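Chains as they are written, first to last, in UniProt numbering: chain Y, 1 to 116; chain V, 1 to 538. Down below is the structure, laid out as structure tokens.
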């Protein structure tokens with residue numbers, strides 16, 4: 001999985017290629033973190049899924065994690081070019097709308113503390 | 001008189017006088033008497049007098065001066081090499097060169113080599129085993145062989161007793177448990193605590209308690225306690241004992257003991273961590289093992305679970321069958337899959353199973369139950385989630401009535417008697433991440449011989465086939481399910497497991513869980529065809 005980076009003035013774009021699974025998800029999380037690190041001016045994060053291979057449950061968990069962090073920081077989150085396999089996974093798990101519609105502010109989770 | 005170490009050649013540009021030679025020179029005649037010696041030799045051998053026999057050093061006095069080979073030996077605390085030059089008149093000129101520095105360097109190099117060899121050997125011996133007791137034994141034996149006359153290895157413990165492995169002066173290894181507080185030995189408690197790091201500590205052998213000294217050891221000359229530094233945790237302490245006759249520990253030996261202790265400590269704490277990890281895995285595995293199923297309330301239940309072969313990756317598949325209680329008249333079946341592997345997945349699996357169990361009285365409304373579970377599972381720490389299928393099962397005459405709800409999980413397959421396979425019409429949100437979840441419950445009736453099959457994606461995503469990397473997929477699963485029409489629950493599970501196993505072959509796979517709910521065919525008491533209701537026995 002190799003995200004490639006490109007960013008406009010207020011948008012960070014990452015193109016995801018390869019599989020997003022148990023072995024590669026930590027890498028994606030780290031790269032997204034690095035791309036957003038220390039930048040106050042970013043209003044939008046776009047993940048291009050056109051060349052994304054298999055996404056397993058940890059991969060989906062990672063997308064949810066990135067979405068959650070973006071929401072928290074007031075960054076709009078977009079998944080572009082969702083292929084049929086990813087769409088099927090998102091629909092099966094009931095996360096398609098959640099991940100693809102403009103976010104609403106998320107109420108805090110009931111348990112646990114601290115930033116993730 | 002002049003002479004030279006080499007035979008003078010005609011026309012040699014120069015000769016060297018004994019007196020002017022830059023090193024000690026002794027000229028002995030054939031009878032061993034000193035014929036001449038220079039100032040340097042006089043200073044080195046004050047007892048030597050011209051005209052008298054050379055008495056010391058003996059190695060030079062008795063050396064054969066007619067052979068052109070150098071001899072060596074010590075004068076006082078220095079080492080010398082003596083090169084002979086035989087003169088025509090039978091006298092021998094001995095040229096002495098000081099080799100002390102060279103010898104010392106060679107000796108140190110040899111000692112360093114043997115230390116390195118010892119440490120290398122120690123490392124490979126210590127790392128050969130991940131068993132703590134074995135590591136302690138190897139440590140004690142190596143220490144006795146290379147560092148001391150006897151050695152004890154003491155493991156840190158939370159209990160009031162000290163696990164001790166001793167290797168005595170005969171090389172005999174014994175294990176024991178000492179019921180004594182570590183603070184009875186000066187420095188031991190600090191060494192066992194491991195932090196702050198303490199240097200090796202000498203203790204007066206007279207103050208050492210009896211249990212520190214192996215039986216028959218004799219009087220202890222020196223005793224040192226060295227902490228065994230572990231990987232972030234204390235690994236124990238090493239006690240080295242030497243007898244009275246032996247030299248006390250030199251600085252070099254002490255530092256060698258320290259280097260050895262570092263290796264032994266690392267090996268012991270690795271063994272300890274491994275043992276702990278294993279114990280945790282075992283406990284979790286036991287806890288996560290799915291229950292054995294049987295027929296309940298006139299409905300057949302059968303489950304099959306095949307854990308991933310990567311043992312370090314405890315998987316997140318689970319299933320449970322909760323029989324009816326007074327609060328909930330139906331049997332509740334839950335089959336699910338937690339994202340990820342390992343400890344975190346295992347903890348989440350345990351949590352979700354317990355929560356579901358506690359919410360059993362709510363099972364009449366799956367949507368509500370899932371909302372409650374979702375709230376309980378949500379945490380800001382992570383976005384790990386679970387997907388699951390719930391099935392509330394009750395028997396109604398000959399048929400089995402099901403309420404099926406998927407929470408982000410592949411929908412169950414309904415295997416009809418005629419071999420058609422339907423997907424239950426249920427869909428819902430995964431559990432544990434989203435602030436709100438929705439779900440749609442399907443109602444399904446199973447006629448006798450019909451089965452509802454619940455499975456995790458370990459089945460459909462199993463990679464194998466002729467090329468080894470093709471996913472088993474939905475279509476193959478449906479085809480396999482169709483072949484199970486009319487089979488009892490047990491047989492359905494076995495069949496699906498067999499087909500997926502054949503597909504996977506020797507390949508790696510995730511956890512695979514399958515569960516079948518079947519309406520029993522039952523024996524008819526009255527003549528009715530399969531389509532009408534009648535009396536039956538289960």
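We treat Cβ as the ideally placed atom computed from N, Cα and C, and that holds for glycine. If you're wondering where the values come from, they're calculated on a predicted model, not measured in any experiment.
Report the three-state DSSP secondary structure of residue i (helix, strand or coil).
i: residue 74(Y); result: coil
i: residue 282(V); result: helix
i: residue 312(V); result: Low local confidence applies: a pLDDT of 48 at residue 312(V) is under 50, so the model's placement there is unreliable, with the coordinate-based value given in what follows. The answer is coil: DSSP assigns residue 312(V) none of H, G, I, E or B.
i: residue 437(V); result: coil
i: residue 487(V); result: coil
i: residue 274(V); result: helix
i: residue 149(V); result: coil
i: residue 116(Y); result: Unreliable positioning characterises residue 116(Y) in this predicted model, as indicated by a pLDDT of 38, which lies under 50. The coordinate reading is nonetheless provided below. Residue 116(Y) falls in the coil class under three-state DSSP.
i: residue 294(V); result: coil
i: residue 322(V); result: strand
i: residue 66(Y); result: helix
i: residue 516(V); result: strand
i: residue 176(V); result: strand
i: residue 459(V); result: helix
i: residue 396(V); result: strand
i: residue 165(V); result: strand
i: residue 361(V); result: helix
i: residue 138(V); result: helix
Can you have a look at residue i and say buried or exposed, based on whether 16 or more other CB atoms are within 10 angstroms of its CB?
i: residue 336(V); result: buried
i: residue 493(V); result: buried
i: residue 236(V); result: buried
i: residue 278(V); result: exposed
i: residue 214(V); result: buried
i: residue 392(V); result: buried
i: residue 231(V); result: exposed
i: residue 469(V); result: exposed
i: residue 42(Y); result: buried
i: residue 142(V); result: buried
i: residue 504(V); result: buried
i: residue 312(V); result: With a pLDDT of only 48 at residue 312(V), under 50, the local geometry of the prediction cannot be trusted, and the value read off the model is given with reservation. Burial call: exposed.
Using beta-carbon positions only, say whether residue i and residue j come within less than 8 angstroms of one another.
i: residue 327(V); j: residue 361(V); result: yes
i: residue 372(V); j: residue 334(V); result: no
i: residue 513(V); j: residue 415(V); result: no
i: residue 383(V); j: residue 433(V); result: yes
i: residue 154(V); j: residue 301(V); result: no
i: residue 118(V); j: residue 97(V); result: no
i: residue 130(V); j: residue 268(V); result: no
i: residue 441(V); j: residue 366(V); result: yes
i: residue 307(V); j: residue 506(V); result: no
i: residue 164(V); j: residue 179(V); result: no
i: residue 376(V); j: residue 369(V); result: no
i: residue 437(V); j: residue 426(V); result: no
i: residue 341(V); j: residue 304(V); result: no
i: residue 330(V); j: residue 398(V); result: no
i: residue 82(V); j: residue 109(V); result: no
i: residue 86(V); j: residue 54(V); result: no
i: residue 396(V); j: residue 411(V); result: no
i: residue 140(V); j: residue 166(V); result: yes
i: residue 413(V); j: residue 478(V); result: yes
i: residue 57(V); j: residue 75(V); result: yes
i: residue 125(V); j: residue 299(V); result: no
Bridge partners of residue i, per DSSP?
i: residue 94(V); result: 26(V) and 84(V)
i: residue 542(V); result: Any property of residue 542(V) remains undetermined from this structure, which presents chain V solely from 1 to 538.
i: residue 33(V); result: 53(V)
i: residue 220(V); result: 243(V)
i: residue 249(V); result: In the DSSP output, where bridge partners are listed per residue, residue 249(V) has none listed.
i: residue 385(V); result: None; residue 385(V) has no bridge partner.
i: residue 72(V); result: 81(V)
i: residue 305(V); result: 513(V)
i: residue 421(V); result: 415(V)
i: residue 237(V); result: 154(V) and 227(V)
Beta carbon of residue i: closer than 7 angstroms to some heavy atom of the ligand HEM?
i: residue 446(V); result: Questions concerning the ligand HEM fall outside what the structure shown contains, since it holds no ligand whatsoever.
Can at least three beta-carbon pairs, one atom from the stretch 146 to 156 of chain V and one from the stretch 231 to 241 of chain V, be found at a separation below 8 angstroms? yes
Is it a yes or a no for the stretch 36 to 51 of chain Y touching the stretch 14 to 28 of chain Y, going by three-plus beta-carbon pairs under 8 angstroms? yes
Take every Cβ of the stretch 471 to 490 of chain V, pair it with every Cβ of the stretch 451 to 462 of chain V, and state whether three or more of those distances are shorter than 8 angstroms. yes
Whether or not the stretch 180 to 191 of chain V and the stretch 257 to 265 of chain V are in contact is what I'm after, with contact meaning three or more pairs of Cβ atoms, one per stretch, closer than 8 angstroms; do they touch? no
For the stretch 404 to 411 of chain V against the stretch 67 to 85 of chain Y, are there 3 or more C-beta pairs whose distance is under 8 angstroms? no
Should the stretch 64 to 71 of chain V be called in touch with the stretch 42 to 50 of chain V, which here means at least 3 C-beta pairs below 8 angstroms? no
Between the stretch 58 to 65 of chain Y and the stretch 23 to 32 of chain Y, do at least 3 Cβ pairs fall closer than 8 angstroms? yes
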